[in-house]
Amino acid sequence: MRLKFLFYGNENVINNHPFTMKSGYTPNFANTAIENYIFATKIELGRIHLHKFKDNLTKSERMALQSLKQNKEIVIKKADKNSSTVILDKKNYIEQALSQLNDGIHYEQIAISHCTEIYNLIESKVKILHEQSHIDDISLRYLLDTKVEKFKLADYIYYLKFTKLTSTSEMKLGVIKNYFKGPIERIGQFIDYFLQPIVRQLWTFTQDTTFFINKIERIEAPDNVMLATFDISSMYTNLSHEEIIQDVYRAWPKLIAYNYAIPLPPRNEFLELLRITLENNEFEFNSVIYKQIVGVPMGAPMSPSLTDLRFFEIISKILKEFTHAFKIIHLSVYRDDGFMLFAGNDNELVDFFEIANNIHPLIKFTHETSRTNVHFLDVTVYKGKRFITNTILDIKLYRKLTDNYQYLHRSSSHPSSVFKRNYKIFSII
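The numbering of the sequence shown is the UniProt record's numbering, which starts it at 1 and goes up by one.
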């Protein structure tokens with residue numbers, strides 16, 4: 001309230017710089033009316049009688065949770081994209097993780113962390129760009145406002161992914177790296193700032209479920225249209241660093257044409273910062289330090305943008321070889337998932353995925369096709385009453401079999417954005 005009063009009506013203090021850091025300034029006094037209101041509010045809050053909270057678990061349930069938490073022989077993890085919690089044998093969990101880390105393709109073990117060296121390299125590059133007026137003062141402060149002694153290695157976190165739901169549900173491990181306070185975190189955010197607007201310009205771009213629905217609502221499809229969904233297996237971990245850099249290089253005309261709020265560094269220097277970030281993904285798992293040599297880490301700031309850009313280039317290459325590309329009515333891509341409306345026959349669509357699976361040695365597609373309905377993101381797209389009437393595909397909410405239907409009560413102290421997202425999803429029903 002004091003800050004709002006202090007800066008009310010002063011348009012000159014508005015700063016749209018994407019990397020403005022909070023100053024932490026708090027005025028001690030606003031005016032008499034506001035100060036009286038603040039004082040009275042504190043008095044009222046002090047009069048509130050706090051009742052002893054009631055545990056929503058029984059004593060035995062609470063003891064069971066404590067026992068599980070203290071058990072060193074198990075690992076408790078959230079499953080991917082659903083509300084399930086999975087308990088795994090720790091030995092088996094580590095064995096599966098190490099089998100991926102020691103595959104000889106994606107990762108290599110290193111003796112020590114190079115956090116300080118990585119930061120010093122980035123610092124020298126950034127300072128040169130600042131001296132040449134390619135990076136402004138605010139961006140410089142943001143990029144270098146990090147104490148080297150506080151750096152810590154990224155955590156290598158495995159999540160569980162259900163592939164089918166049976167009495168012996170098959171699961172596989174996926175990977176998320178936590179890059180909080182790492183030396184490449186802020187430079188990754190800086191690079192991603194310039195990439196995001198370009199990714200949004202891609203004709204295949206899909207921001208979220210609502211964005212996808214809005215696109216489908218505008219399409220009139222023929223009666224014989226085929227519906228297809230596809231995804232790239234382990235895409236994040238199979239992207240070549242050199243190919244990513246070349247993708248950004250090809251997109252450079254779009255970057256220089258966009259009107260950014262801050263200076264865009266020159267192409268060669270920008271690509272060099274990108275290379276440093278890609279080639280210095282160090283992390284720790286089970287007290288061993290690794291370095292990623294192929295792929296981008298889930299959890300890194302710029303990984304979604306790089307994934308979208310790489311997927312677009314892959315799709316573009318496939319379409320150049322696919323002789324029936326003109327029969328594709330619509331194509332949407334969200335990260336490593338895709339949706340297609342195809343006005344051809346089954347054999348022609350098979351040709352598309354044969355080309356896709358031979359386009360790159362590490363990139364492999366899986367797909368599902370149907371003449372009636374498919375699932376994509378949080379919805380089912382199907383031929384219903386509306387399609388019969390005006391050839392616009394119908395949409396309904398899709399729930400996975402592993403969904404536990406755990407919802408938040410509106411009185412829960414969660415950010416409002418969480419509830420706004422739920423409103424959007426449930427409005428589909």
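In this text, a Cβ means the ideal position worked out from N, Cα and C, and glycines have one as well.
Inset, instruction - Using only alpha-carbon positions, find the residue among N286, G295, F285 that is nearest to R275. - result: Ranking the options by Cα distance to R275, first place goes to G295.
Legend entry - Coarse secondary structure for L165, derived from DSSP in three states: Only weak support exists for where L165 lies, its pLDDT of 49 falling under 50; the coordinates are left without a value.
Legend entry - At least 3 beta-carbon pairs within less than 8 Å: the region 202 to 218 vs the region 270 to 288: no
Inset, instruction - Decide if Q70 is buried, meaning its Cβ has at least 16 other Cβ atoms within 10 Å, or exposed. - result: exposed
Legend entry - CA-to-CA distance, N238 to D351, given in whole angstroms: 23 Å
Inset, instruction - Report, in whole angstroms, the separation of the C-beta atoms of H367 and T229, which I expect to be a contact under 8 Å. - result: 7 Å
Legend entry - Buried versus exposed, by CB contacts within 10 Å (16 or more), S167: With a pLDDT of 45 at S167, under the threshold of 50, the modelled position of this residue cannot be trusted; read the value that follows with caution. Answer is exposed; the Cβ neighbour count stays below 16.
Legend entry - N224 beta carbon less than 8 Å from that of A325: no
Legend entry - Beta carbon of L195 nearer than 8 Å to that of S305: yes
Legend entry - Three-state class that DSSP yields for M1 in the structure shown: coil
Legend entry - Three-state secondary structure (DSSP) of A97: Helix, per DSSP.
Inset, instruction - Tell whether a beta-carbon distance below 8 Å holds between E282 and I110. - result: Yes; because the gap between Cβ atoms is below 8 Å, this pair is in contact.
Inset, instruction - Within the same chain, show all residues whose beta-carbon is closer than 8 Å to that of V379, passing over the 5 residues directly before and after it, in chain order. - result: T209, F212, I213, I395, K396, L397, Y398, I428
Legend entry - Contact under 8 Å by Cβ, L341 with L227: yes
Legend entry - Same chain, Cβ closer than 7 Å to E123, five either side skipped, listed in chain order: L144
Legend entry - Nearest-angstrom Cα separation, counted from D103 out to A79: 24 Å
Inset, instruction - Please go through the same chain and pick out, in chain order, the residues whose beta-carbon is closer than 8 Å to the beta-carbon of K91, but skip the five residues on each side of it. - result: Contacts found: E73.
Inset, instruction - Reducing DSSP to helix, strand and coil, say where S370 ends up. - result: strand
Inset, instruction - Going by CA-CA distance only, name the one from D336, F312, G9 that's closest to K364. - result: From the listed residues D336, F312, G9, the smallest Cα separation to K364 is found for D336.
Inset, instruction - Using a threshold of 8 Å, state whether the C-beta atoms of H130 and P266 are closer than that. - result: no
Inset, instruction - Name the one or two DSSP bridge partners that Q292 has. - result: Y107
Inset, instruction - Name the two residues that bound the continuous beta strand (DSSP E) containing F29. - result: Careful: F29 lies outside any beta strand (DSSP E) and carries neither H nor E.
Inset, instruction - Put H241 into one of helix, strand or coil per three-state DSSP. - result: helix
Inset, instruction - Can you give me the Cβ contacts of R2 inside the same chain, cut-off strictly under 6 Å, excluding the 5 residues immediately before and after it? - result: Answer for R2: P27, A30, listed in chain order.
Legend entry - For F212, the residue or residues it bridges with in DSSP: According to DSSP, F212 bridges with nothing at all.
Inset, instruction - Please go through the same chain and pick out, in chain order, the residues whose beta-carbon is closer than 7 Å to the beta-carbon of T206, but skip the five residues on each side of it. - result: F212, S332, V333, Y334
Inset, instruction - Please go through the same chain and pick out, in chain order, the residues whose beta-carbon is closer than 6 Å to the beta-carbon of P415, but skip the five residues on each side of it. - result: none
Legend entry - F339 beta carbon less than 8 Å from that of F376: yes
Legend entry - beta strand (DSSP E) segments (min. 3 residues) lying fully within the region 266 to 327: 282 to 285, 288 to 292
Legend entry - Member of S23, E185, S60 whose CA lies at the smallest distance from the CA of M298: E185
Inset, instruction - Below 8 Å CB to CB, which residues in the same chain sit around I112 once its five sequence neighbours on both sides are set aside? - result: I289
Legend entry - Beta-bridge pairing of K77 - partner residues as DSSP gives them: V86
Inset, instruction - For T389, count neighbouring C-beta atoms within 10 Å of its own C-beta (all shown protein chains included) and say buried if the count is 16 or more, exposed if not. - result: exposed
Inset, instruction - Report buried or exposed for I43, applying the criterion of at least 16 other Cβ atoms within 10 angstroms of its Cβ. - result: I43 should be labelled exposed.
Inset, instruction - Provide the residue span of the beta strand (DSSP E) that contains D394, from first to last. - result: D394: member of the beta strand (DSSP E) spanning 394 to 397, first to last residue.
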